Amino acid sequence: MVPLFRILAAVMLALAVTTSTVDAAQWAWLGVRIRDLSEQEMDEISSRHGMREGFGVFIVEVMEGTPAQTAGIKTGDLVVAFEERPVTETRVLQRLIAASAPGKDVRLTVLRAEGRRRLDVRLAAMPRSVVGERIGAEFGFVVRDAEPGASSALAVSIIVPKSSAERGGLEVGDVILQINELAVATRDALREGLADASLEAPLRLTVRRGGSRLSLILKAPGA
Numbered sequence: 001m002v003p004l005f006r007i008l009a010a011v012m013l014a015l016a017v018t019t020s021t022v023d024a025a026q027w028a029w030l031g032v033r034i035r036d037l038s039e040q041e042m043d044e045i046s047s048r049h050g051m052r053e054g055f056g057v058f059i060v061e062v063m064e065g066t067p068a069q070t071a072g073i074k075t076g077d078l079v080v081a082f083e084e085r086p087v088t089e090t091r092v093l094q095r096l097i098a099a100s101a102p103g104k105d106v107r108l109t110v111l112r113a114e115g116r117r118r119l120d121v122r123l124a125a126m127p128r129s130v131v132g133e134r135i136g137a138e139f140g141f142v143v144r145d146a147e148p149g150a151s152s153a154l155a156v157s158i159i160v161p162k163s164s165a166e167r168g169g170l171e172v173g174d175v176i177l178q179i180n181e182l183a184v185a186t187r188d189a190l191r192e193g194l195a196d197a198s199l200e201a202p203l204r205l206t207v208r209r210g211g212s213r214l215s216l217i218l219k220a221p222g223a
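So in this note's numbering, the last one in the sequence shown is 223, and the numbering has no gaps at all.
What follows is the structure in structure tokens.
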């Protein structure tokens with residue numbers, strides 16, 4: 001069973017492509033959550049499929065109504081090639097998708113228990129809600145979904161080490177109240193605020209930490 005922290009890491013990996021310089025409104029989208037393989041999984045795949053070395057990207061989740069679902073990609077598939085290029089880890093797949101464009105037809109090769117399959121996928125434009133989450137991930141943080149009885153849906157749940165978020169002083173448990181000049185009281189408002197943010201400029205956050213209200217500035221990713 002995959003530990004929860006690896007699934008949370010998969011969310012980050014599915015959203016963050018730090019090398020892409022494409023405008024956010026033009027990001028291509030597959031519609032999956034992914035993770036890297038463990039060493040044990042690599043060994044098992046190598047043995048099962050007769051490969052010299054096991055590699056690939058594991059599909060944790062296929063979102064409904066997405067290019068991935070339309071193409072027949074399934075949870076549990078192992079993506080091993082994008083067009084004819086080997087996919088050895090999550091960042092390779094992310095960069096290849098980021099270098100593509102919405103509306104482009106691409107071919108993915110996946111491994112399943114019954115063997116290798118090639119699937120044709122037409123990439124789509126990334127929805128604004130996902131753009132917002134990805135921009136947050138680019139800065140190095142993820143906001144969790146509210147749990148039953150929770151007082152806020154906007155508490156930070158993950159901070160990526162050495163990211164703009166960590167360097168800017170954002171902490172797990174901080175509740176985001178404002179993004180730049182926009183007050184955010186709901187998860188949708190948070191996504192909208194992040195979707196309008198620029199990766200080329202600092203991100204200004206107002207947060208509640210305990211009983212204090214703090215103003216933080218996160219430098220642009222890569223700055």
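Glycine included, each C-beta is placed from N, C-alpha and C at the ideal position. All values reported here derive from a predicted model rather than from experimental measurement.
| said: Tell me the DSSP secondary structure of E114 in three-state form. | reply: coil
| request: Closer than 7 Å by C-beta to G140: which residues in its own chain qualify, once you throw out the five before and the five after it? Chain order, please. | output: I159, V160, S163, S164, A165, E166
| Exposed unless 16 or more other CB atoms sit within 10 angstroms - verdict on I179 | buried
| message | Here's the rule: buried if 16 or more other CB atoms are within 10 angstroms of the residue's CB, otherwise exposed. What is D120? | response | exposed
| task | Report the partner residues of V92 according to the DSSP bridge assignment. | result | According to DSSP, V92 bridges with nothing at all.
| request: Identify which residue in P221, S38, M42, G56 has its Cα closest to the Cα of E200. | output: P221
| field | Segment contact flag, the region 196-212 with the region 179-188, C-beta cutoff 8 Å, min 3 pairs | value | yes
| For S212, which residues does DSSP report across the bridge? | R209
| field | Status (buried if at least 16 other CB within 10 Å, exposed otherwise) for S212 | value | exposed
| said: Per the DSSP calculation, V32 is bridged to which residue(s)? | reply: V62
| From T66, T88, L37, residue whose alpha carbon lies closest to that of G76 | L37
| Just the Cα atoms here: how many angstroms apart are R208 and V175? | 5 Å
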